[in-house]
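Novice: I'd like to ask some things about the structure below.
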Amino acid sequence: MVSIELSNVSVAFPVFSATHRSLKMSLLGGRTGGTVGTDATGAGGTVVRALDQVSLRLQHGDRLGLVGHNGAGKTTLLRVLARIYEPAVGSVQIQGDVAPLFDVNLGMDMDATGYDNILFRGLFLGLTKRQVEARMQEIAEFTELGQFLDMPIRTYSNGMRLRLAFAVSTSIDPEILLLDEGIGAGDAAFLVKAKTRLRAFAERAGIIVLASHSSYLIREMCDQAALMEQGRILAVGGVEEILEQYQARVDGQLVGA
Amino acid sequence: MQSQVTTSKPERRQQRDLLPQGNGLARLPRALRDIAEGWGQYQLWLTMAMQDIRKRYRRSKIGPFWLTLSMGIMVGALGLLYGTLFKLDVSEFLPYVAAGFVIWGLLSGLVQDGAVTFITAEGLVKQLPVPLSTHVYRDVCRNLLIFFHNIWVYVAISLWFGSFPGLVGLLALLGIAAIAVNALWIGLLLGLLSARFRDIPQIVASVVQVTFFITPIIWKADMLPERAVVLVWNPFYHFLEVARAPLLGDVPTPLNWLAVMLMTASGWLVTLVIFARYRWRIAYWV
Numbered sequence: 158m159v160s161i162e163l164s165n166v167s168v169a170f171p172v173f174s175a176t177h178r179s180l181k182m183s184l185l186g187g188r189t190g191g192t193v194g195t196d197a198t199g200a201g202g203t204v205v206r207a208l209d210q211v212s213l214r215l216q217h218g219d220r221l222g223l224v225g226h227n228g229a230g231k232t233t234l235l236r237v238l239a240r241i242y243e244p245a246v247g248s249v250q251i252q253g254d255v256a257p258l259f260d261v262n263l264g265m266d267m268d269a270t271g272y273d274n275i276l277f278r279g280l281f282l283g284l285t286k287r288q289v290e291a292r293m294q295e296i297a298e299f300t301e302l303g304q305f306l307d308m309p310i311r312t313y314s315n316g317m318r319l320r321l322a323f324a325v326s327t328s329i330d331p332e333i334l335l336l337d338e339g340i341g342a343g344d345a346a347f348l349v350k351a352k353t354r355l356r357a358f359a360e361r362a363g364i365i366v367l368a369s370h371s372s373y374l375i376r377e378m379c380d381q382a383a384l385m386e387q388g389r390i391l392a393v394g395g396v397e398e399i400l401e402q403y404q405a406r407v408d409g410q411l412v413g414a
Numbered sequence: 003m004q005s006q007v008t009t010s011k012p013e014r015r016q017q018r019d020l021l022p023q024g025n026g027l028a029r030l031p032r033a034l035r036d037i038a039e040g041w042g043q044y045q046l047w048l049t050m051a052m053q054d055i056r057k058r059y060r061r062s063k064i065g066p067f068w069l070t071l072s073m074g075i076m077v078g079a080l081g082l083l084y085g086t087l088f089k090l091d092v093s094e095f096l097p098y099v100a101a102g103f104v105i106w107g108l109l110s111g112l113v114q115d116g117a118v119t120f121i122t123a124e125g126l127v128k129q130l131p132v133p134l135s136t137h138v139y140r141d142v143c144r145n146l147l148i149f150f151h152n153i154w155v156y157v158a159i160s161l162w163f164g165s166f167p168g169l170v171g172l173l174a175l176l177g178i179a180a181i182a183v184n185a186l187w188i189g190l191l192l193g194l195l196s197a198r199f200r201d202i203p204q205i206v207a208s209v210v211q212v213t214f215f216i217t218p219i220i221w222k223a224d225m226l227p228e229r230a231v232v233l234v235w236n237p238f239y240h241f242l243e244v245a246r247a248p249l250l251g252d253v254p255t256p257l258n259w260l261a262v263m264l265m266t267a268s269g270w271l272v273t274l275v276i277f278a279r280y281r282w283r284i285a286y287w288v
């Protein structure tokens, strides 16, 4: 039985001095929503609080959409669910295989052929070589890339690359599926095809958590939503209700500004 | 570095109580599971290690055999130069330089790649919940693959001069295995420390560079006036010897093996303690 249970989870990033850790500085600068605090221990460290006492409970069949500003903690929460970030505080209990689909280009090698890249991505997604080979035919057909699959993918257009990534990523059978933003794009004809596939894919998964700014995608795929701000979950409820709240907050801020 | 994420004293106490993994050694099982499960991902790291090499030489006519060729050129040039400088018998000195260089390439590659293992795998670390040790296995595997390209330089040279070691040479495999086992902890430890302190890869690079000159690779240990400190206390020397001596028809000395075994045991001990404690922070640091 798949289930997710987070209680009082907090995640904070240490920010090291700029000279050594410019990456962390860029992360700090790029976050509009996190809370920046200082280390009271006197060690001089700065921390960015990306998640603040988040509790969440999901069961088989739940499809949760995460909405919120950039830096509200959506991606961090997904990474906690993927067991990439182990939280400093709080407990995380996850039953089931987790498949995170965050970056479309993950594990892609521009100089390798389409077929090679199907294999790499499949392996990264947790399939064995044999499993990838068994699915190869079906994946290749879905991409409609034909002979291009024998060519290095640097010869592909962006859309073609996306088709490839999309086809492999949606060929797995995850128990818990974590999606971050724009999975699925390409030309119009492909979009229709992609939508059907995405729906079938979603139906196979026990739990879905999707972070997106697209209310369309959230309405399409989720049956509940959570509103996040500054690393906290402000409200959980029906999709329409939460989207309304989010919209109200966005409007409120625009008026306020 | 948990103390760095705290913002207030009460919270620090709370944090200590709530740490899901427990502190210190209580997290050892998780660290061990990471290392064991990483091994289980062999299809992934094997494929990616081969891909790393292929990628480097794609669209070149002889591909990865550039590794062999450039090593051959290097060994030939330096062997002849230093052989002449030191007035040594080339038929003996060239196989010596070849074996030393090839193994040195493995050692230095392992240490230097180990120091940046999590930094270079940043994208993967942040996107995929694969065991962190997977990235180390990939690095070790890639370096071993490169080594097995380079070793042919030594084979060719020793065949040419008729100095093939015979059965003793098989002992070199034991040496290589010992090196690989140590490379794992070095990758885990240096990789972790480097993720946090970005100066470490630079320090490692410069130490490795200096070590090349103080380790008997292009000169011979018996040229030293007496068994010098630079030999006995040079860890690279012992790792080098357990693999090189058999290739030259000798058995590594008990001191070599003792040193290697001590380093294996203490290295793994320190690594497990540190890895158990800070493994979960790596994703935050990279």
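Sequence lines, in order, name chains Y and U. Just add 157 to the spot in the first sequence (first one is 1) and you have this note's numbering. Just add 2 to the spot in the second sequence (first one is 1) and you have this note's numbering. In this text, a Cβ means the ideal position worked out from N, Cα and C, and glycines have one as well.
1. In the region 242 to 265 of chain Y, which residues sit with their C-beta less than 7 Å from some C-beta in chain U, listed in chain order?
2. Within 10 angstroms of the Cβ of U/S62, are there 16 or more other Cβ atoms? Answer buried if so, exposed if not.
3. Compare the C-beta of U/V138 against all C-beta atoms of chain Y and say whether one is closer than 9 Å.
4. Identify, in the order they occur along the chain, each residue of the same chain with its Cβ nearer than 7 Å to the Cβ of U/L274, setting aside the five sequence neighbours on each side.
5. Are any of the Cβ atoms in chain U nearer than 9 Å to that of Y/G187?
6. Evaluate U/A239 with the Cβ neighbour count: other Cβ atoms within 10 Å of its Cβ, from every protein chain shown; 16 or more gives buried, anything less gives exposed.
7. What does DSSP give as the partner residue(s) for U/P254 in the beta ladder?
8. With DSSP as the reference, identify every bridge partner of Y/A383, one or two as the case may be.
9. Secondary structure at U/L90, three-state DSSP: helix, strand or coil?
10. Report the neighbours of U/P131 on chain Y: residues whose CB is nearer than 7 Å to its CB, in chain order.
11. Can a CB atom of chain Y be found closer than 9 Å to the CB of U/V210?
12. Taking only three categories from DSSP, how would you classify U/S165?
13. In whole angstroms, what separates the C-alpha of Y/Q288 from that of U/L192?
14. Give, in chain order, every residue of the region 190 to 204 of chain U whose Cβ lies closer than 9 Å to some Cβ of chain Y.
15. Check this for me: beta carbons of Y/R214 and Y/S167, under 9 Å apart or not?
16. Given a threshold of 16 other Cβ atoms within 10 Å of its Cβ, counted over all protein chains shown, does Y/Q404 qualify as buried or as exposed?
17. May I ask you to list, following chain order, the residues of the region 285 to 315 of chain Y that have a beta carbon less than 7 Å from some beta carbon of chain U?
18. Grab the span of the alpha helix (DSSP H) containing U/V232 for me, first residue to last.
19. Rounding to the nearest angstrom, what Cα-Cα distance links U/G189 and U/Q43 in this structure?
20. Exposed or buried, what is U/R35 when buried is set at 16 or more other beta-carbons lying within 10 Å of its beta-carbon?
21. Is Y/V211 helix, strand or coil by DSSP?
22. Judging by CA-CA distance, which residue of Y/L335, Y/L284, Y/N262, Y/L163 is the nearest neighbour of Y/I310?
23. List the DSSP bridge partners of Y/P309.
24. Using only the heavy atoms of the ligand PLP, determine whether one of them is closer than 8 Å to the beta carbon of Y/N227.
25. Give the DSSP-derived three-state secondary structure of U/H237 in the structure shown.
26. Alpha carbon to alpha carbon, how far is Y/G225 from Y/E377?
27. Assuming U/V244 and U/N258 make a contact with CB atoms under 8 Å, what is their CB distance in whole Å?
28. Return the chain-ordered ranges of every beta strand (DSSP E) run that is complete within the region 116 to 184 of chain U and spans a minimum of 3 residues.
29. CB-CB under 6 Å to U/G40, same chain, minus the five flanking residues each way: which ones, in chain order?
30. Pull up the DSSP beta-bridge partners for Y/L163, would you.
31. Under a three-way DSSP split, which group does Y/R206 fall into?
32. Which one of Y/L282, Y/I390, Y/F305, Y/G409 has the shortest CA to CA distance from Y/L234?
33. Please compile the residues from chain U whose C-beta is within a distance smaller than 8 Å of the C-beta of Y/F277.
34. Measuring straight from C-alpha to C-alpha, what distance separates Y/H370 and U/A117?
35. Using a Cβ-Cβ cut-off of less than 7 Å, list which residues of the region 269 to 285 of chain U approach chain Y; keep chain order.
36. Does U/G1 come within less than 9 Å of chain Y when only Cβ atoms are used?
Specialist: Taking the coordinates as given:
1. Legend: CB atoms of the region 242 to 265 of chain Y lying less than 7 Å from CB atoms of chain U belong to residues Y242, E243, A245, V246, G247, S248, V249, V255, P257, F259, D260, L263.
2. Of the residues assessed, U/S62 falls on the exposed side of the cut-off, its CB having fewer than 16 other CB atoms within 10 angstroms.
3. Output row for U/V138: interface = no.
4. Excluding positions up to five away in sequence, the list reads L30, A33.
5. Interpretation of Y/G187 is limited by its pLDDT of 46, a score under 50 that renders its predicted location unreliable; no figure is taken from the coordinates.
6. Looking at the sequence provided, one finds Tyr at residue 239 of chain U rather than Ala. Classification for U/Y239: buried.
7. The secondary-structure analysis by DSSP pairs U/P254 with nothing; it has no beta-bridge partner.
8. Per DSSP, Y/L223, Y/V393.
9. In the three-state DSSP reduction, U/L90 falls in the coil class, being neither helix nor strand.
10. Per Cβ cutoff of 7 Å: A239, R240, I241, V255, P257.
11. The beta carbon of U/V210 sits no closer than 9 Å to any beta carbon of chain Y.
12. In this structure, U/S165 counts as coil in the three-state DSSP scheme.
13. If I take the Cα positions, the gap works out to 35 Å.
14. Only those residues of the region 190 to 204 of chain U whose C-beta falls short of 9 Å from the nearest C-beta of chain Y are listed: R198, F199, R200, D201.
15. Cβ atoms of Y/R214 and Y/S167: not closer than 9 Å.
16. When all chains shown are included, Y/Q404 counts as exposed.
17. In summary, the residues of the region 285 to 315 of chain Y whose CB is separated from some CB of chain U by less than 7 Å are T285, K286, in the order they occur in the chain.
18. In the DSSP assignment, U/V232 falls within the unbroken alpha helix (DSSP H) covering 231 to 234.
19. Whole-angstrom Cα-Cα distance: 17 Å.
20. Flag for U/R35 reads exposed.
21. Strand, per DSSP.
22. It is Y/N262 whose Cα lies nearest to the Cα of Y/I310.
23. According to DSSP, which records beta bridges pairwise, Y/P309 is partnered with Y/T270.
24. In the structure on display, the ligand PLP does not appear, and there are no ligands present to speak of.
25. Note on residue identity: the sequence assigns Pro, not His, to residue 237 of chain U. In the structure shown, U/P237 sits in a helix (DSSP, three-state: H, G or I).
26. So the two alpha carbons sit approximately 17 Å from each other.
27. With 8 Å as the limit, U/V244 and U/N258 qualify as a contact, their Cβ atoms being about 5 Å apart.
28. Correct list: empty.
29. So the qualifying residues of the chain are P133, S135, T136, Y139.
30. Paired residues: Y/L213, Y/V249.
31. Residue state for Y/R206 is assigned as strand, using DSSP reduced to three classes.
32. Taking the Cα of Y/L234 as reference, the smallest distance to any Cα among Y/L282, Y/I390, Y/F305, Y/G409 is reached at Y/I390.
33. Counting only Cβ-Cβ distances below 8 Å, Y/F277 has contacts in chain U at T49, M50, Q53, in chain order.
34. Computed Cα separation, rounded: 38 Å.
35. So the close ones are W282, A285.
36. Since the first residue of chain U shown is 3 and the last is 288, residue 1 of chain U is not available in this structure.
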